[in-house]
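Asker: Dropping a structure here in C-alpha coordinates format, bear with me for questions.
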Amino acid sequence: MDSWAASKAQSNTLHEYQSINNSSSIDGLPGLRTARRDTGQTLWVGDAKARVSRILAEPEAVATGFVLAVALYLFVAGLKVLLSLQ
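In full-length UniProt numbering, the protein residues as written are 1 to 86.
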(Lines of atoms letter the chains of each structure in order from A and count residues from 1; the text may use other names and numbers.)
(Lines give C-alpha, C1' and ligand atoms only; values in the text may rest on other atoms or scores of the structure.)
Protein backbone atom coordinates (compact mmCIF):
# COMPACT_ATOMS: atom_id res chain seq x y z
CA MET A 1 0.00 0.00 0.00
CA ASP A 2 2.83 2.39 0.82
CA SER A 3 4.54 1.75 -2.50
CA TRP A 4 1.25 2.26 -4.36
CA ALA A 5 0.64 5.58 -2.62
CA ALA A 6 4.25 6.62 -3.20
CA SER A 7 3.98 5.83 -6.91
CA LYS A 8 0.71 7.80 -7.14
CA ALA A 9 2.31 10.74 -5.35
CA GLN A 10 5.39 10.66 -7.57
CA SER A 11 3.32 10.55 -10.75
CA ASN A 12 1.14 13.36 -9.34
CA THR A 13 -2.08 11.35 -9.75
CA LEU A 14 -2.98 10.90 -6.08
CA HIS A 15 -5.35 13.90 -6.04
CA GLU A 16 -7.02 12.62 -9.21
CA TYR A 17 -7.53 9.20 -7.59
CA GLN A 18 -8.89 10.81 -4.41
CA SER A 19 -11.27 13.05 -6.32
CA ILE A 20 -12.68 10.08 -8.24
CA ASN A 21 -12.92 7.59 -5.36
CA ASN A 22 -13.17 9.67 -2.18
CA SER A 23 -15.49 12.56 -3.02
CA SER A 24 -18.45 10.67 -1.54
CA SER A 25 -18.73 7.68 0.72
CA ILE A 26 -20.80 4.53 0.44
CA ASP A 27 -22.94 5.42 3.46
CA GLY A 28 -24.00 8.79 2.04
CA LEU A 29 -21.71 10.94 4.14
CA PRO A 30 -19.58 13.61 2.52
CA GLY A 31 -16.16 12.39 1.43
CA LEU A 32 -12.73 13.87 1.95
CA ARG A 33 -12.74 17.65 1.89
CA THR A 34 -9.79 17.78 -0.49
CA ALA A 35 -11.46 15.33 -2.87
CA ARG A 36 -14.70 17.28 -2.77
CA ARG A 37 -12.82 20.51 -3.39
CA ASP A 38 -10.90 18.95 -6.29
CA THR A 39 -14.15 17.85 -7.96
CA GLY A 40 -15.52 21.39 -7.72
CA GLN A 41 -18.13 20.76 -5.06
CA THR A 42 -19.10 23.61 -2.76
CA LEU A 43 -18.05 22.35 0.65
CA TRP A 44 -20.61 24.17 2.76
CA VAL A 45 -23.47 22.79 0.64
CA GLY A 46 -22.34 19.20 1.18
CA ASP A 47 -21.79 19.85 4.88
CA ALA A 48 -25.25 21.42 5.19
CA LYS A 49 -26.89 18.45 3.45
CA ALA A 50 -25.13 16.04 5.82
CA ARG A 51 -26.19 18.08 8.85
CA VAL A 52 -29.82 18.19 7.70
CA SER A 53 -29.87 14.43 7.16
CA ARG A 54 -28.45 13.88 10.67
CA ILE A 55 -31.08 16.20 12.17
CA LEU A 56 -33.89 14.47 10.29
CA ALA A 57 -32.72 11.08 11.57
CA GLU A 58 -32.99 12.18 15.22
CA PRO A 59 -36.81 12.26 15.67
CA GLU A 60 -36.94 8.47 15.38
CA ALA A 61 -34.52 8.12 18.29
CA VAL A 62 -36.41 10.72 20.33
CA ALA A 63 -39.72 8.96 19.70
CA THR A 64 -38.23 5.60 20.69
CA GLY A 65 -36.86 7.09 23.91
CA PHE A 66 -40.22 8.66 24.70
CA VAL A 67 -42.08 5.38 24.18
CA LEU A 68 -39.59 3.53 26.37
CA ALA A 69 -39.91 6.18 29.10
CA VAL A 70 -43.71 5.92 29.07
CA ALA A 71 -43.52 2.11 29.16
CA LEU A 72 -41.10 2.23 32.10
CA TYR A 73 -43.34 4.70 33.93
CA LEU A 74 -46.39 2.50 33.42
CA PHE A 75 -44.44 -0.57 34.55
CA VAL A 76 -43.28 1.15 37.75
CA ALA A 77 -46.77 2.53 38.40
CA GLY A 78 -48.20 -0.97 37.93
CA LEU A 79 -45.69 -2.41 40.38
CA LYS A 80 -46.64 0.21 42.96
CA VAL A 81 -50.32 -0.67 42.57
CA LEU A 82 -49.59 -4.39 42.88
CA LEU A 83 -47.42 -3.90 45.96
CA SER A 84 -49.98 -1.64 47.63
CA LEU A 85 -52.70 -4.30 47.21
CA GLN A 86 -50.83 -6.77 49.39
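For each residue, glycine too, the CB sits at the ideal point set by N, CA and C.
Please classify residue 11: does DSSP put it in a helix, a strand, or coil?
Answerer: Taking the first residue of the sequence shown as 1, we reach residue 11 at position 11. Residue 11: coil per DSSP, three-state reduction.
Asker: Name the two residues that bound the continuous alpha helix (DSSP H) containing residue 74.
Answerer: Position 74 of the sequence shown, counted from the start, is the residue given in the question as residue 74. Run containing residue 74: 43-85, per the alpha helix (DSSP H) assignment.
Asker: Grouping DSSP H, G and I as helix and E and B as strand, with all else coil, what is residue 34?
Answerer: For this step, residue 34 is matched to residue 34 along the sequence shown. Reduced to three states, the DSSP call for residue 34 is helix.
Asker: Report the rounded CA-to-CA distance for residue 77 versus residue 55, giving the unit in angstroms.
Answerer: Numbered from its first residue, the sequence shown carries residue 77 at position 77. Numbered from its first residue, the sequence shown carries residue 55 at position 55. If you take the alpha carbons of residue 77 and residue 55, they lie about 33 Å apart.
Asker: Is residue 6 near the ligand NAP, going by C-beta to nearest heavy atom under 6 Å?
Answerer: The ligand NAP is not among the ligands present in this structure, which contains no ligands whatsoever.
Asker: How many Å lie between residue 60 and residue 67 at the Cα?
Answerer: Taking the first residue of the sequence shown as position 1, residue 60 is located at position 60. Taking the first residue of the sequence shown as position 1, residue 67 is located at position 67. Roughly 11 Å between the two C-alpha positions.
Asker: Taking the alpha carbon of residue 36 as the point to measure from, which residue in 51, 53, 17 has its own alpha carbon closest?
Answerer: As a working mapping, residue 36 is identified with position 36 in the sequence shown. Residue 36 has its Cα closest to that of 17, out of 51, 53, 17.
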